[in-house]
Amino acid sequence: MSPRNSQEGPAAARRHILDRGVAVALVKGLRALSIRRLAADMDMSEADLIGPFESKETLQLSILERVGELIVEIVLEPTAAAPPGRARLRALTEGWIRYISGEPERCPGGCLFSMATFEYDALAGPVRDAVVDGMMQWRAYLVEATREAADVGELPDGADPDQLAFELMGLFTGFNMSVHLFHDPDAVARLWQGVGRLLGT
Numbered sequence: 001m002s003p004r005n006s007q008e009g010p011a012a013a014r015r016h017i018l019d020r021g022v023a024v025a026l027v028k029g030l031r032a033l034s035i036r037r038l039a040a041d042m043d044m045s046e047a048d049l050i051g052p053f054e055s056k057e058t059l060q061l062s063i064l065e066r067v068g069e070l071i072v073e074i075v076l077e078p079t080a081a082a083p084p085g086r087a088r089l090r091a092l093t094e095g096w097i098r099y100i101s102g103e104p105e106r107c108p109g110g111c112l113f114s115m116a117t118f119e120y121d122a123l124a125g126p127v128r129d130a131v132v133d134g135m136m137q138w139r140a141y142l143v144e145a146t147r148e149a150a151d152v153g154e155l156p157d158g159a160d161p162d163q164l165a166f167e168l169m170g171l172f173t174g175f176n177m178s179v180h181l182f183h184d185p186d187a188v189a190r191l192w193q194g195v196g197r198l199l200g201t
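Using UniProt numbering, you'd call the opening residue of the sequence shown number 1 and step up by one each time.
Here's what the structure looks like:
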């Protein structure tokens, strides 16, 4: 399928390519993903991918940008509808479960940013910078949510919201590993138990 000949239009065709790129990168790794590999996976010519993406690095950066969009769509936008405090933190947990577990029409499941932190932690360059930026935005969102919970008096007495955000990030990363590496059938229950302990519920 050539994106230039797609009946969906160039924007939708590009999104389709990126969504497939996310799925392939979750299996092969972001560093291993190339225009040639993705073109072969999608039964396309390399020329059809070089047109919109120009280089392997541009493709990788575009895929990370798409992952950020998916996190916003699946996790953050639904969470924003919940009132600040425990309800928002629970909604955030529910969104993370949806995102990591996968949604057939939108997301294959698993967090590419979490995987890429291990691939790029000792490297330098624009892709690593994008990985760091994405993870810092995620951490900042967690800090904001826990501080809001503290402001409305919905954290346990003496709880440090910044420390709670740090521990939530660890729980969410561990959940990703439990689901996709260990295939733990109790992963969801264990995540909720950990979140409940932190929130004092």
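The beta-carbon is built from N, C-alpha and C at its ideal position, and this holds for glycine as well.
Backbone secondary structure at residue i - three-state DSSP
i	result
E144	helix
E103	strand
G85	coil
Q7	Residue placement at Q7 is flagged as unreliable, the pLDDT there being 49, under the threshold of 50; a coordinate-derived value is accordingly withheld.
L171	helix
H183	coil
S2	Low confidence applies to S2: its pLDDT is 40, below 50, so where it sits in the model is not reliable enough to give any reading.
D43	coil
V24	helix
A12	helix
R98	helix
R31	coil
V75	helix
V152	coil
I17	helix
Whole-angstrom C-beta distance between residue j and residue i, which should lie under 8 Å
i	j	result
V75	L64	So it is not a contact: roughly 16 Å between Cβ atoms.
R66	D129	Contact flag wrong, Cβ pair sits at about 17 Å.
V127	T117	Not quite, the Cβ-Cβ distance comes to about 12 Å (not below 8 Å), so this is no contact.
D48	A40	Going by Cβ atoms, the distance from D48 to A40 rounds to 12 Å, so no, they are not a contact pair.
L198	F175	No, L198 and F175 are not in contact; Cβ-Cβ is about 13 Å, not under 8 Å.
N26	L112	It is worth fixing the name first, because residue 26 is Leu in this sequence and not Asn. About 6 Å separates the two Cβ atoms, so the contact holds.
Residue j beta carbon less than 8 Å from that of residue i
i	j	result
A149	G200	no
T146	L171	no
E119	G196	no
L155	P161	yes
V22	P104	no
S114	V179	no
F53	S45	no
I17	M42	yes
I97	L59	no
G134	G68	yes
Continuous alpha helix (DSSP H) stretch holding residue i: start and end
i	result
G196	187-199
A124	Premise fails: A124 is in no alpha helix (DSSP H) and is neither H nor E.
L64	56-71
D157	Taken as a continuous stretch (DSSP letters only), D157 belongs to no alpha helix (DSSP H), as it is neither H nor E.
P108	Premise fails: P108 is in no alpha helix (DSSP H) and is neither H nor E.
Any chain B beta carbon closer than 8 Å to residue i
i	result
A165	The chain labelled as chain B is not found in the depicted structure, where only one protein chain is given.
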